[in-house]
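Undergrad: So in full-length UniProt numbering, spot 87 of the sequence shown is number 87, and the numbers just go up one at a time.
In this text, a Cβ means the ideal position worked out from N, Cα and C, and glycines have one as well.
So that we are looking at the same thing, I have put the structure below in structure tokens.
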Amino acid sequence: MHKGTLLGFDFGEQRIGVALGEPELGIATPLATISSDSNEVRFAAIGKLIEEWQPTGFVVGLPTHMDGNAHALTALCRKFAQRLHGRYRLPVWLVDERLTSVIAESLLEEAGVRGRKQKPVLDQVAAQAIVMAWFEEPGERLG
1 MHKGTLLGFD
11 FGEQRIGVAL
21 GEPELGIATP
31 LATISSDSNE
41 VRFAAIGKLI
51 EEWQPTGFVV
61 GLPTHMDGNA
71 HALTALCRKF
81 AQRLHGRYRL
91 PVWLVDERLT
101 SVIAESLLEE
111 AGVRGRKQKP
121 VLDQVAAQAI
131 VMAWFEEPGE
141 RLG
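Structure, rendered in structure tokens:
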């Protein structure tokens, strides 16, 4: 089992959801949503989160079609994961993120967060679901 804090990412072209994972406790918590299409802005925000939380690795949700085949966002997400590894020299795991948005919506519904109120937190709750999926099956490791 991986020791230390993980940062989990739900990658999107406009927003990146971020969650905190504690593998030894099996706990994942929504943390932040980074809203920008600028890589410079995104990585500045990620850098601040890394300074604050001192993670020992990253978990990135890998989007695919329901049949498992890649689509346009799959390649962008892999590039994002490679950049994380290249910049911060920490291990990165790619986790199948199919259905994590559905899980996130369900978690928010259960918490009484519905409709438009879901949008600001949906990506970070999806990142939480990605980290929770990593607890079950770590997936592909980079670095």
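1. Between Ala75, Glu136, Gly12 and Ala19, which has its C-alpha nearest Gln128's C-alpha?
2. For the candidate residues Glu136, Leu62, Glu13 and His85, whose alpha-carbon lies nearest to that of Ser38?
3. Do the CB positions of Gly26 and Gly8 come within less than 9 Å of each other?
4. From the DSSP secondary-structure annotation, give me the bridge partner or partners of Thr29.
5. Could you tell me whether the stretch 54–66 touches the stretch 82–92, using the rule of 3 or more Cβ pairs below 8 Å?
6. Leaving out the 5 sequence neighbours to the left and right, which residues in its chain are closer than 6 Å to His65 when beta-carbon positions are compared?
7. Would you kindly work out how many angstroms separate the C-alpha atoms of Leu49 and Phe11, rounded to a whole number?
8. For Trp93, write down the residues that DSSP places opposite it in a beta bridge.
9. Please identify the residue among His2, Ser35, Glu40 and Pro23 whose C-alpha is closest to the C-alpha of Gln124.
10. By alpha-carbon positions, which one of Ala126, Val131, Phe80 and Ala28 ends up nearest to Arg142?
TA: Result, derived from the coordinates:
1. For this step, residue 128 is matched to residue 128 along the sequence shown. Of Ala75, Glu136, Gly12 and Ala19, the residue nearest in Cα terms is Ala19.
2. Here residue 38 corresponds to residue number 38 of the sequence shown, with the count starting at 1. Checking every option, the nearest Cα to that of Ser38 belongs to Glu13.
3. Your numbering for residue 26 matches position 26 in the sequence shown. Your numbering for residue 8 matches position 8 in the sequence shown. Taking 9 Å as the Cβ cut-off, Gly26 and Gly8 do not qualify as a contacting pair.
4. Counting from 1 along the sequence shown, the entry for residue 29 is found at position 29. Thr29 is bridged to Leu20.
5. yes
6. Locating residue 65 in the sequence shown gives position 65, counting from the first residue. Result list for His65: His71, in chain order.
7. What you label residue 49 is simply residue 49 of the sequence shown in a count that begins at 1. What you label residue 11 is simply residue 11 of the sequence shown in a count that begins at 1. One C-alpha to the other measures close to 15 Å.
8. Here residue 93 refers to the residue found at position 93 of the sequence shown. Trp93 is bridged to Val59 and Arg141.
9. Along the sequence shown, one-based indexing puts residue 124 at 124. Gln124 has its Cα closest to that of Ser35, out of His2, Ser35, Glu40 and Pro23.
10. Locating residue 142 in the sequence shown gives position 142, counting from the first residue. The sequence shown places Leu at residue 142, rather than the Arg named in the question. Answer by Cα proximity: Phe80.
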